[in-house]
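Numbering (the numbering used here), first residue to last: 72 to 406. Where is the CB? At the ideal position from N, CA and C, for every residue including glycine.
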């Protein structure tokens, strides 16, 4: 894909005419012609340059979203009538007719028009040469604050009008409970796509034999203390896709329990739970509690160890006595 970062590199484009057209289009009031059809270029003959470009960009969007065309095939889509209308306005927008035809045939005309016209409207100076990094950071903060102020002023009143009273859903009516993660500080985090479902087996509208088989087939996902099945998924990029995937997994589990009812209904449920992993702090606390509460009658006399005397207090007393003797000797010698 070509990149149009420098419009001076193309001989088929007049920078002066492009800037003149862009400034005129920016100052003029644009009116979209509703009689013209973006997918029928023969209706563009009475339109001016700005309206023709508007029709062309609409046509590119429609071709991209057209169900009969695969993705990226719209770049190869060409129409002679559409090309004639673009060639008609080429001198007005600062493009050479032959060069515009080449871009159109290569499928990059829409990108060239967008980047070159937008670049002609922007200041050629780098913003870092005009403002300091601290000022640019402050501008970004003000822009973000104004964005939320606009939401508060224009969107929140509309949401208040659509509010409905909360209705509590009982576990008997909705045995599946979906939990979604949301990292507010990072919208691109993979954690935002993860989803977890908890199934209350006792609330499933099934007979007891099928519920028993469901518990068996769930395996390690089943918690015997809470009588729930917990399954999580992060295979897809959105939480809705993962929720749909988990719903299908639960339906598959229930269907497998129904199909294998006779084979598994007599198998007892294992009531043992995997031993919880204990942290170092927990183990240390347990050992300390065991040493304090250990029965004295269980102690083995052979394991008894006499408590060692700490020499530090004795040494401290010895040094204090030596200093006292030195002071006495100094006192008597001076007399």
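Here the alpha carbons of residue 320 and residue 276 stand approximately 17 Å from one another. The Cβ-Cβ distance between residue 122 and residue 102 falls below 9 Å. The straight-line gap separating the alpha-carbon atoms of residue 126 and residue 213 is approximately 35 Å. Each residue's CA atom was taken as its position, placing residue 280 and residue 272 some 12 Å apart. Residues 300, 301, 302 of the same chain have their beta carbon placed closer than 8 Å to that of residue 292, with the five preceding and five following residues left out of the count. The continuous stretches of alpha helix (DSSP H) do not include residue 258, and DSSP gives it neither H nor E.
Here the C-alpha atom of residue 182 lies approximately 23 Å from the C-alpha atom of residue 107. Sixteen is the threshold: when 16 or more other Cβ atoms of the shown chains lie within 10 Å of the Cβ of residue 112, as they do, the residue is buried.
In this chain, the alpha helix (DSSP H) harbouring residue 211 covers 204-221. Membership of residue 303 in the beta strand (DSSP E) is indicated by the continuous run 299-304.
Classified as buried, residue 286 has 16 or more neighbouring CB atoms from the shown chains inside 10 Å of its CB. Spanning the alpha carbons of residue 367 and residue 361 requires a straight line of approximately 12 Å. Per the C-alpha coordinates, the member of 328, 313, 116 positioned closest to residue 249 is 313. For residue 269, the uninterrupted beta strand (DSSP E) segment begins and ends at 266-271. Residue 284 holds the alpha-carbon nearest to the alpha-carbon of residue 332 among 206, 120, 388, 284. In terms of Cα proximity to residue 326, the closest of 252, 217, 288, 105 is 288. The C-beta of residue 166 has 16 or more other C-beta atoms within 10 Å across all chains shown, which makes the residue buried. A residue is called buried when at least 16 other Cβ atoms come within 10 angstroms of its Cβ; residue 265 meets this threshold and is buried. Contact between residue 161 and residue 154 is absent: CB atoms are separated by about 10 Å, not below the 8 Å threshold.
Cα atoms of residue 232 and residue 317: separation of roughly 34 Å, rounded to the nearest angstrom. Here residue 378 carries a coil assignment [DSSP, helix/strand/coil]. For the pair residue 340 and residue 261, the Cα-to-Cα distance works out to about 36 Å. For residue 120 against residue 164, the beta-carbon gap comes to about 6 Å, under 8 Å, which counts as contact. Between residue 342 and residue 295 the beta-carbon gap is near 6 Å, inside 8 Å, which marks them as a contact. The C-alpha of residue 243 lies about 21 Å from the C-alpha of residue 236.
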